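*Asks:* Below are the structure tokens for one structure; questions will follow.
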Amino acid sequence: MKDAGDFDDVIGFAWDGPSGAVAQSTRLLLLDSLGCMIAGLGHASPRAFAEALAITMPGPVHLPGCDAGLSEAGAAAVLASAMCWDEANEGLARAHGRPALAVAPLCIAALAAGRVSLRAAHHAFALGYEIAARAGEIWRIRPGMHVDGSWHALGAAAAAARLAGSDAAEVARAARLAACQIPFALYAPIAAGMDGRNSYPAHAVLLGAMAAAAARAGMDAPANGLAEARRIALLHEAPAMRAPAGEWLIAEAYIKPFAGVRHAHYAAAAALELRVAIADRLADVATLRLETYAEALRYAANRAPTRAIQAQFSLSWAVAAALIQGDLGPSAYTDAALADPALRRLEDLVEFAEDTALTKAEQRGARLVVTLANGESHQASVGAIAGDAGQALDGVAVLAKCQRFAGPVIGEAEMARLAALIMAEDGAVPRRFFGAA
3 MKDAGDFDDV
13 IGFAWDGPSG
23 AVAQSTRLLL
33 LDSLGCMIAG
43 LGHASPRAFA
53 EALAITMPGP
63 VHLPGCDAGL
73 SEAGAAAVLA
83 SAMCWDEANE
93 GLARAHGRPA
103 LAVAPLCIAA
113 LAAGRVSLRA
123 AHHAFALGYE
133 IAARAGEIWR
143 IRPGMHVDGS
153 WHALGAAAAA
163 ARLAGSDAAE
173 VARAARLAAC
183 QIPFALYAPI
193 AAGMDGRNSY
203 PAHAVLLGAM
213 AAAAARAGMD
223 APANGLAEAR
233 RIALLHEAPA
243 MRAPAGEWLI
253 AEAYIKPFAG
263 VRHAHYAAAA
273 ALELRVAIAD
283 RLADVATLRL
293 ETYAEALRYA
303 ANRAPTRAIQ
313 AQFSLSWAVA
323 AALIQGDLGP
333 SAYTDAALAD
343 PALRRLEDLV
353 EFAEDTALTK
363 AEQRGARLVV
373 TLANGESHQA
383 SVGAIAGDAG
393 QALDGVAVLA
403 KCQRFAGPVI
413 GEAEMARLAA
423 LIMAEDGAVP
433 RRFFGAA
């Protein structure tokens, strides 16, 4: 039986990218990823990361808000870190992670360097995504680990090789090389309120680029490397399963309507529904009870967050921020929000309970019950949100999200220009991708 870590069949299937509706979804996903990257560059730390990387990775690529020029690889690493900064980027439920996280930055950096055509970037993005998505199906992290920056390196290797003009055999070698050195990352920084987690996808980007170069030089590794790593590092003895070639997993990707961990979005949606009735009486809220599925409680139960990254993984914060701000965007995780006494008061009131029916059915959702000081009670239940199966964000919604998140960083006109460029099937790429040509 063919090893699940042998991606030759997927490479052949995905080589020239999808067509029709799936191609449109692919471009929307790349656009959303770009919007998240630019929004992340609105924060000081990713820009500081760019300045620091430019010391050893200088080059001609200038990212929005960054004075120092970077090499293409350096720019991709910074873009990967920025892409997840607001925790607003895509995901794939069956991979339990974000397959585009280390693939999209390589494609955008190659465009920014003026090295590839738009069509080539689209093809590399789809190919890298399909391999990363299947690697995510195979790789299952243990308690205490964090998914970001692990199996993503296989998709990054495939995308980097495709962008470099490699043939299918070299792309396969690149994926095998990455699989034999797959990163091992911890959840610990998030629990401690530290943002070092945001460097994980940058590591995957650079590992992918290195594996692609090694493959181009003729280096190779065995096809069972991912299975061996899974057995040794994760203690999984059972054979790994993945989707076969012929199925576009990129069509199943979800685009987030909000910032913050996906598990908290159901709670936020319920809070926004309740807010319609109680927006002018938030000071009278006496109790808040949130019922949701076990996985959400396990991964997003941070209380009283003091740092943005803790708040991004906090169900109670998502509820409070949605009630106070009427949204769950990047502004929910700023220093001003973290210092807001009204938001703090509501977050402290939230009580958690598991909805065992959702857990048993392996379904996502949330029920929020609010009681006011006068005893009046309101509740809202949410079983599906934008981005779930059957509720994909369309082009208008994705562009609106990009304008809402990235517009404040580069301006609405510039975001609209970049969106039109990414959504085109092909065409000339400006000499300077970011900024005026």
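Per my numbering, the very first residue in the sequence shown carries number 3; after that it's consecutive.
Every residue gets a Cβ at the ideal spot worked out from N, C-alpha and C, and that includes glycine.
Since we're looking at a predicted model, the values are computed, not measured.
(1) With a Cβ-Cβ cutoff of 8 Å, do leucine 129 and alanine 82 count as a contact?
(2) Report, in whole angstroms, the separation of the C-beta atoms of arginine 178 and alanine 225, which I expect to be a contact under 8 Å.
(3) By Cβ distance, which residues of its chain are closer than 7 Å to leucine 33, with the 5 residues on each side in sequence left out?
(4) Roughly how many whole angstroms lie between the Cα atoms of valine 431 and arginine 121?
(5) With 16 as the cutoff for other CB atoms within 10 Å, does alanine 171 come out buried or exposed?
(6) Could you tell me if methionine 3 is buried or exposed, where buried requires 16 or more neighbouring beta carbons within 10 angstroms of its beta carbon?
(7) For arginine 291, does the three-state DSSP call read helix, strand or coil?
(8) Give me the DSSP bridge partner(s) of valine 372.
(9) With respect to the beta strand (DSSP E) encompassing alanine 355, which residues constitute its N-terminal and C-terminal limits?
(10) Mind checking which residues open and close the alpha helix (DSSP H) that includes proline 410?
(11) At what residue ranges does the region 270 to 335 contain a whole run of the beta strand (DSSP E), taking only runs of 3 or more?
(12) Out of curiosity, what's the CA-to-CA distance linking alanine 56 and glutamate 74?
(13) Could you pull out every unbroken beta strand (DSSP E) segment of at least 3 residues lying fully inside the region 15 to 68, listed in chain order?
(14) Starting from leucine 94, follow its DSSP beta bridges and name the residues at the other end.
(15) Can you grab the Cα-Cα spacing for the pair alanine 253 / serine 21, in whole Å?
(16) Helix, strand or coil: how does DSSP classify methionine 3 here?
(17) Using 8 Å for Cβ pairs, my map puts tyrosine 256 next to leucine 360. What's the rounded Cβ distance?
(18) Kindly identify the DSSP beta-bridge partner or partners of tyrosine 256.
(19) Could you give the residue range of the alpha helix (DSSP H) that holds valine 80?
(20) Throw me the rounded Cβ distance for the alanine 52 and valine 24 pair, which I believe falls under 8 Å.
(21) Could you check how far apart the C-beta atoms of alanine 181 and glycine 7 are, in whole angstroms? I think they sit under 8 Å.
(22) Which ranges would you report for the alpha helix (DSSP H) in the region 137 to 170 if only whole runs of at least 4 residues count?
(23) Check leucine 237 in the structure and name its three-state DSSP category.
(24) Is the Cβ of asparagine 376 closer than 8 Å to any Cβ of chain B?
(25) Under 8 Å by Cβ, that's how I've got leucine 108 and glycine 210 pegged, so tell me the actual separation to the nearest angstrom.
(26) Under 8 Å, do leucine 237 and arginine 277 count as touching if we go by C-beta distance?
(27) Should glutamate 239 go down as buried or exposed, given a rule of 16 or more other Cβ atoms within 10 Å for buried?
(28) If contacts are defined as beta-carbon pairs under 8 Å, then alanine 388 and alanine 320 qualify, I think. What distance do you get, rounded to the angstrom?
(29) With C-beta atoms as the reference, is alanine 322 less than 8 Å away from leucine 348?
(30) Compute the Euclidean distance between the alpha carbons of methionine 39 and glutamate 416, then round it to the nearest angstrom.
(31) Mind reading off the beta-carbon distance from proline 410 to glycine 44? Whole number of angstroms is fine, and I expect it under 8 Å.
(32) Taking buried to mean at least 16 other C-beta atoms within 10 Å of its own C-beta, is lysine 258 buried or exposed?
(33) In whole angstroms, what is the alpha-carbon distance linking tryptophan 17 and leucine 156?
(34) In terms of DSSP beta bridges, what is leucine 188 paired with?
(35) Suppose contacts are defined by Cβ-Cβ distances below 8 Å. Is glycine 367 in contact with tyrosine 301 by that definition?
*Replies:* On the basis of the data shown:
(1) For the purposes of this step, residue 129 is identified with residue 127 of the sequence shown, where counting begins at 1. For the purposes of this step, residue 82 is identified with residue 80 of the sequence shown, where counting begins at 1. Not closer than 8 Å, so no.
(2) Taking the first residue of the sequence shown as 1, we reach residue 178 at position 176. Taking the first residue of the sequence shown as 1, we reach residue 225 at position 223. Arginine 178 to alanine 225, Cβ: 6 Å. Contact.
(3) Numbered from 1 along the sequence shown, position 31 holds the residue referred to as residue 33. Counting only Cβ-Cβ distances below 7 Å, and skipping sequence neighbours, we find Val400, Cys404, Ala421, Ile424, Met425.
(4) The sequence position of residue 431 within the sequence shown is 429, counting from 1. The sequence position of residue 121 within the sequence shown is 119, counting from 1. If you draw a straight line from the Cα of valine 431 to the Cα of arginine 121, it comes to about 10 Å.
(5) Indexing the sequence shown from 1 puts residue 171 at position 169. Classification for alanine 171: exposed.
(6) Counting from one through the sequence shown, the residue named residue 3 turns up at place 1. Below a pLDDT of 50, predicted positions are generally treated as unreliable, and methionine 3, at 46, falls in that range; the measurement from the model is reported next regardless. It counts as exposed.
(7) Position 289 of the sequence shown, counting from 1, holds the residue named residue 291. In this structure, arginine 291 counts as strand in the three-state DSSP scheme.
(8) Here residue 372 corresponds to residue number 370 of the sequence shown, with the count starting at 1. DSSP, once it has assigned bridges, lists Leu290, His380 as partnering valine 372.
(9) To locate residue 355, count along the sequence shown from 1; it is residue 353. First-last of the beta strand (DSSP E) with alanine 355: 352 to 356.
(10) Reading the sequence shown from its first residue, position 408 is the one you call residue 410. 397 to 412 is the span of the alpha helix (DSSP H), which, as asked, contains proline 410.
(11) Complete beta strand (DSSP E) runs here, min 3: 287 to 294.
(12) Stepping through the sequence shown from its first residue, residue 56 is reached at position 54. Stepping through the sequence shown from its first residue, residue 74 is reached at position 72. It is roughly 11 Å from the alpha-carbon of alanine 56 to the alpha-carbon of glutamate 74.
(13) Annotation: the region 15 to 68 contains the following complete segments of the beta strand (DSSP E) (minimum length 3 residues), in chain order: 60 to 63.
(14) Position 92 of the sequence shown, counting from 1, holds the residue named residue 94. Beta-bridge pairing links leucine 94 to Gly99.
(15) Position 251 of the sequence shown, counting from 1, holds the residue named residue 253. Position 19 of the sequence shown, counting from 1, holds the residue named residue 21. Distance from the CA atom of alanine 253 to the CA atom of serine 21, rounded to whole angstroms, is 11 Å.
(16) By 1-based counting over the sequence shown, the position of residue 3 is 1. With a pLDDT of 46 at methionine 3, under the threshold of 50, the modelled position of that residue is not reliable, and the figure given next carries that caveat. Correct three-state label for methionine 3: coil.
(17) In the sequence shown, residue 256 corresponds to position 254, counting from 1. In the sequence shown, residue 360 corresponds to position 358, counting from 1. That belief does not hold up - the Cβ atoms of tyrosine 256 and leucine 360 are roughly 18 Å apart, past 8 Å.
(18) In the sequence shown, the residue the question calls residue 256 occupies position 254. Its beta-bridge partners are Gly93.
(19) On the sequence shown, position 78 is the one that residue 80 refers to. Element bounds for valine 80: 74 to 85.
(20) Mapped onto the sequence shown, residue 52 falls at position 50. Mapped onto the sequence shown, residue 24 falls at position 22. Taking the Cβ atoms as the reference, alanine 52 lies roughly 33 Å from valine 24, outside the contact range of under 8 Å.
(21) On the sequence shown, residue 181 is found 179 positions in, with the first residue counted as 1. On the sequence shown, residue 7 is found 5 positions in, with the first residue counted as 1. So it is a contact: roughly 6 Å between Cβ atoms.
(22) Positions of the alpha helix (DSSP H) runs, each at least 4 residues long and wholly inside the region 137 to 170, are given as 154 to 165 in order along the chain.
(23) Position 235 of the sequence shown, counted from the start, is the residue given in the question as residue 237. Here leucine 237 sits in coil by DSSP.
(24) Considering every chain present, this structure includes no chain B. It has just one protein chain.
(25) Here residue 108 corresponds to residue number 106 of the sequence shown, with the count starting at 1. Here residue 210 corresponds to residue number 208 of the sequence shown, with the count starting at 1. Right, their Cβ atoms sit about 7 Å apart.
(26) Here residue 237 is taken as the residue at index 235 of the sequence shown, counted from 1. Here residue 277 is taken as the residue at index 275 of the sequence shown, counted from 1. No.
(27) Counted from its first residue, the sequence shown places residue 239 at position 237. Here glutamate 239 is exposed. Its C-beta has fewer than 16 other C-beta atoms within 10 Å.
(28) As a working note, residue 388 is residue 386 in the sequence shown. As a working note, residue 320 is residue 318 in the sequence shown. Wrong, their Cβ atoms sit about 15 Å apart, outside the cutoff.
(29) Translated into the one-based positions of the sequence shown, residue 322 becomes position 320. Translated into the one-based positions of the sequence shown, residue 348 becomes position 346. For alanine 322 and leucine 348, yes; Cβs fall inside 8 Å.
(30) Against the sequence shown, residue 39 aligns to sequence position 37. Against the sequence shown, residue 416 aligns to sequence position 414. Approximately 14 Å between the Cα atoms of the pair.
(31) Taking the sequence shown and counting its residues from 1, one reaches residue 410 at position 408. Taking the sequence shown and counting its residues from 1, one reaches residue 44 at position 42. 6 Å between Cβ atoms; contact.
(32) For the purposes of this step, residue 258 is taken as residue 256 along the sequence shown, with counting starting at 1. The residue in question, lysine 258, is buried, as its Cβ has 16 or more Cβ neighbours within 10 Å.
(33) The count along the sequence shown starts at 1 and reaches residue 17 at position 15. The count along the sequence shown starts at 1 and reaches residue 156 at position 154. A direct Cα-Cα distance of roughly 15 Å separates tryptophan 17 from leucine 156.
(34) Locating residue 188 in the sequence shown gives position 186, counting from the first residue. Paired residues: Met147.
(35) Here residue 367 refers to the residue found at position 365 when the sequence shown is read from its first residue. Here residue 301 refers to the residue found at position 299 when the sequence shown is read from its first residue. Contact: no.
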